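Colleague: Chains as they are written, first to last, in the numbering used here: chain U, 1 to 418; chain C, 1 to 418.
Even for Gly, the Cβ is constructed at its ideal location relative to N, Cα and C.
Treat the numbers as computed from the prediction; the structure is a model and nothing was measured.
First the structure, which I've put down as structure tokens, then a few questions once you've had a look.
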């Protein structure tokens, strides 16, 4: 019997009707002789409701995180129990386990814990009893027996980690989209669902704004080589699902994807960022740290960092932060950095966006960057910052050109529907 | 340092404001140098909400009780976590534990589990760290690591059991009434709050309709001699509470109560019952079983059972059931019992009520029964059934006379406010 992990998000179990419909889907898989471990999120809205109660009591959200985990982990417990009731009710023997019952052992970093190990004994016993095992996503237990949570989207990581621990054939992530697209179809209607994408590409796509999977789950899937598939919880797929080449998006290894010869897999974008530029920065050792140290101390995340080589002993230094952090970041630079490093001036821009082309194929194909810059140039779009990695090229441009840039690049790299 | 257990019901933690107010009360106790273990119910309405979700999925409430316990136990987990956050927030170091974290070990009778043992180590460690320990009421864990629940009102039992295990000085049950009364003040405005009541009396009062504590918690308190006090969560008592002789009602042992010379502690009543009488029942061995066996098989609870001794070889047999079960009970007797035992006739009456006088003192005082019957006779109230135990006398009378009977008895036994 083949074992698969299926993960259902909050929307998929957001009401009694949806829970019953997920149960019917699982029944179909069981009757096709699959063994199943099902990971569930909390019913949609529940986690926010619980966080709302907490914020009515305390604004110190980081300080009492053990207790907050105790509270918010209850949402998945409810959903898992309800799904197990629904399965039993339609004749599919089922049992639910919380993270601590499994046990999914984590470190003690409450609210953003990391999984250390998973005991598979109880799950395998119930699988061998022909039961569907429903496991709460998003949570585990530390060495002291305290409940921990894995951060927003952590149920994806629970599912992938269970797939790795149980050596499952595949980890199926049922969500409200039917796969990973070459870009956002709301911007480019011709966007194409990718049948396959590599872990590395998925990491770049996810972190760049295609918010489908928790990034950590993709890292996990890559590290433990877990075949992970993103699917729609609303579509009725045939079983076995791998027969349909068009089912969702399979996140896989580079080797598996080589037969496809696309250089670029997708165009990602992000309009949540803002840019700060410091001009006249003395080009001396340690200056980058003297700029970004205070920013980090203020708990502000930095994304892109650009420093040009200088000729005259001074240079310009730019970096991007989340748009909501711009005021605070500017204040830090003005008060704690500017006079310290003897900079000339500080400017900021929150009317920017980041557009990236992502593809494992660009490793072996020269000219992707120049093609990208040519496309933008032809559209008259000025590039403000450039940053590259092995499998992606990101540019910062004016916010207002974002849709135009995404559409032109999508077209130029041949990603449209065939 | 004296250790007390405090239990707060659903209404007491029913909103953010109430949780904050409970936290302030606990802070006051801490500053009076008490060590505290606090047992909390779910926020009012939560358990019913969760049961509502379940009943949308399944009507087989008994069949999937392991999963149902998994779901409904989450309510206390949320309340306990929130209370711990509130305590920490106002500078009272606190930690919350679920039933399994403690661990409160129970048998596997899901939805009505019984506590077998309580590990005190984790709680005592945290008490010694000067922390207030908040424990979820209503729940425990069985030997397989499954969450169990203790039945409606089970948080009372959790509190008393913890008091016994931790050898606490007292178990304080904060609820929405300020103690146990000689009878319901809505019927007799002169009803008197009892400063003390014995466990045995409380058992009779509770089972007869004074619904203040889960009966099991009183049994537990009696068995393990736990000083248990019922108090209002809305009153601001002075600390230490025992100084005020008027604080709530202390449930105690017979010896402790002897100094008070009241013969009767209270008048209980119940109008949820209905009576079935079978006439012309052959007075042969086994006939009671042949009547009540089918009733038990139909899962109908029987309260009072009366059979007179007979002279002519046939007798009348009466019993009472919950009013909602009357139709079903009558049907069972008509179809499965009547011809079987060759009875003459069956009659039923749902316009009845039960009134009881309860008092540990009646053990040593003759004449309570005759005084009771005289009072009722003086009011022209006909007695339909009589049943007695060592510390209570119950009569079944016409429903319409209930208030009159309760008032007259309350007055005759001198229970009014002084």
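Sort out for me which residues DSSP pairs residue 486 of chain C with in a bridge.
Modeller: Residue 486 of chain C is absent from the model: chain C starts at 1 and stops at 418.
Colleague: Per the DSSP calculation, residue 172 of chain U is bridged to which residue(s)?
Modeller: Residue 172 of chain U is bridged to U/6, U/229.
Colleague: Taking C-beta to C-beta, are residue 65 of chain C and residue 12 of chain C nearer than 9 Å?
Modeller: In this structure, residue 12 of chain C does not lie closer than 9 Å to residue 65 of chain C by Cβ.
Colleague: Nearest-angstrom Cα distance between residue 84 of chain U and residue 331 of chain U?
Modeller: If I take the Cα positions, the gap works out to 52 Å.
Colleague: Identify, in the order they occur along the chain, each residue of the same chain with its Cβ nearer than 7 Å to the Cβ of residue 313 of chain U, setting aside the five sequence neighbours on each side.
Modeller: Excluding sequence neighbours, residue 313 of chain U sits near 282, 283.
Colleague: Can you find a CB in chain U that lies within less than 9 Å of the CB of residue 85 of chain C?
Modeller: Judged by the 9 Å Cβ criterion, residue 85 of chain C is in contact with chain U.
Colleague: Determine the contact status of residue 166 of chain C and residue 5 of chain C, defining contact as a CB-CB distance below 9 Å.
Modeller: Yes, they are a contact pair.
Colleague: Name the residue from U/302, U/299, U/318, U/300 whose alpha carbon lies nearest to the alpha carbon of residue 308 of chain U.
Modeller: If we check each option's Cα against that of residue 308 of chain U, U/318 comes out closest.
Colleague: Starting from residue 439 of chain C and walking both ways along the alpha helix (DSSP H), at which residues does that stretch end?
Modeller: The first residue shown for chain C is 1 and the last is 418, placing residue 439 of chain C beyond what the model contains.
Colleague: Hey, out of U/39, U/7, U/63, whose CA is closest to residue 96 of chain U's CA?
Modeller: Selected option, being the one with the closest Cα: U/39.
Colleague: Which residues, taken in chain order from the region 59-78 of chain U, show a beta carbon closer than 9 Å to some beta carbon of chain A?
Modeller: Checking the listed chains, one finds no chain A in this structure; the protein chains it contains are U and C.
Colleague: Any idea which residues DSSP pairs residue 24 of chain C with across the strands?
Modeller: In the DSSP output, where bridge partners are listed per residue, residue 24 of chain C has none listed.
Colleague: In the DSSP output, which residue or residues are listed as bridge partners for residue 275 of chain U?
Modeller: DSSP lists U/320, U/349 as partners of residue 275 of chain U.
Colleague: Consider the Cβ of residue 82 of chain C: report whether some Cβ of chain U lies at a distance smaller than 9 Å.
Modeller: Yes, its Cβ sits closer than 9 Å to a Cβ of chain U.
Colleague: Is the beta carbon of residue 220 of chain C less than 9 Å from the beta carbon of residue 168 of chain C?
Modeller: No, they are not a contact pair.
Colleague: Per the contact definition of three or more C-beta pairs closer than 8 Å, is the region 388-396 of chain U in contact with the region 124-139 of chain C?
Modeller: The region 124-139 of chain C vs the region 388-396 of chain U: no contact.
Colleague: Hey, is residue 335 of chain U's beta-carbon within less than 9 Å of any beta-carbon in chain C?
Modeller: By this cut-off, residue 335 of chain U is not an interface position.
Colleague: Contact check, residue 267 of chain U vs residue 198 of chain U under 8 Å by CB: the rounded distance?
Modeller: That belief does not hold up - the Cβ atoms of residue 267 of chain U and residue 198 of chain U are roughly 16 Å apart, past 8 Å.
Colleague: Looking only at C-alpha atoms, which of C/233, C/100, C/264 sits nearest to residue 18 of chain C?
Modeller: Residue 18 of chain C has its Cα closest to that of C/233, out of C/233, C/100, C/264.
Colleague: How many angstroms separate the CA atom of residue 368 of chain C from the CA atom of residue 383 of chain C?
Modeller: Their backbone Cα atoms lie some 16 Å apart in a straight line.
Colleague: Residue 390 of chain U CB to nearest chain C CB: under 9 Å?
Modeller: It does not; no Cβ of chain C falls within 9 Å.
Colleague: Taking the DSSP output, what are the residues bridged to residue 419 of chain U?
Modeller: Outside the modelled stretch of chain U, which goes from 1 to 418, sits residue 419 of chain U, for which no answer is possible.
Colleague: For the alpha helix (DSSP H) holding residue 75 of chain U, just list the boundary residues, first then last.
Modeller: Per DSSP, residue 75 of chain U belongs to the alpha helix (DSSP H) from 74-89.
Colleague: Taking contact to mean 3 or more Cβ pairs, one atom from each stretch, closer than 8 Å, check whether the region 143-151 of chain U and the region 174-190 of chain U are in contact.
Modeller: Short answer: they don't touch.
Colleague: List the residues that DSSP assigns as beta-bridge partners of residue 281 of chain U.
Modeller: Beta-bridge pairing links residue 281 of chain U to U/315.
Colleague: Just to make sure I have the definition right: I need the residues of chain U whose C-beta is within less than 9 Å of the C-beta of residue 89 of chain C. Which are they?
Modeller: Within 9 Å Cβ-Cβ: 57, 58, 59, 60, 63, 64.
Colleague: Would residue 24 of chain C be called buried (16 or more neighbouring beta carbons within 10 Å of its own) or exposed?
Modeller: Exposed, because fewer than 16 other Cβ atoms sit within 10 Å of the Cβ of residue 24 of chain C.
Colleague: On the CB-based measure, 16 or more other CB atoms within 10 Å of its CB, does residue 192 of chain C come out buried or exposed?
Modeller: Buried: at least 16 other Cβ atoms inside 10 Å.
Colleague: Can you tell me which of C/285, C/227, C/254 puts its alpha carbon nearest to the alpha carbon of residue 248 of chain C?
Modeller: If we check each option's Cα against that of residue 248 of chain C, C/227 comes out closest.
Colleague: Is the beta carbon of residue 91 of chain U less than 9 Å from the beta carbon of residue 27 of chain U?
Modeller: For residue 91 of chain U and residue 27 of chain U, yes; Cβs fall inside 9 Å.
Colleague: I'd like to confirm the pairing. Which residues does DSSP put opposite residue 385 of chain U in its beta bridges?
Modeller: Answer is U/396, bridged to residue 385 of chain U.
Colleague: Any beta carbon of chain U sitting closer than 9 Å to that of residue 145 of chain C?
Modeller: Interface residue, yes.
Colleague: What distance in whole Å lies between the Cβ atoms of residue 392 of chain U and residue 355 of chain U, which are believed to be in contact at a cut-off of 8 Å?
Modeller: The pair is not a contact, with the Cβ atoms about 11 Å apart (cut-off 8 Å).
Colleague: Within this structure, are the beta carbons of residue 178 of chain C and residue 218 of chain C separated by less than 9 Å?
Modeller: Taking 9 Å as the Cβ cut-off, residue 178 of chain C and residue 218 of chain C do not qualify as a contacting pair.
Colleague: When you compare each of C/351, C/21, C/291 to residue 329 of chain C by their alpha carbons, which one comes out closest?
Modeller: Per the Cα distances, C/291.
Colleague: Taking only beta carbons into account, state which residues of the region 6-18 of chain C come closer than 7 Å to chain U, listed in chain order.
Modeller: The residues in question are 16.
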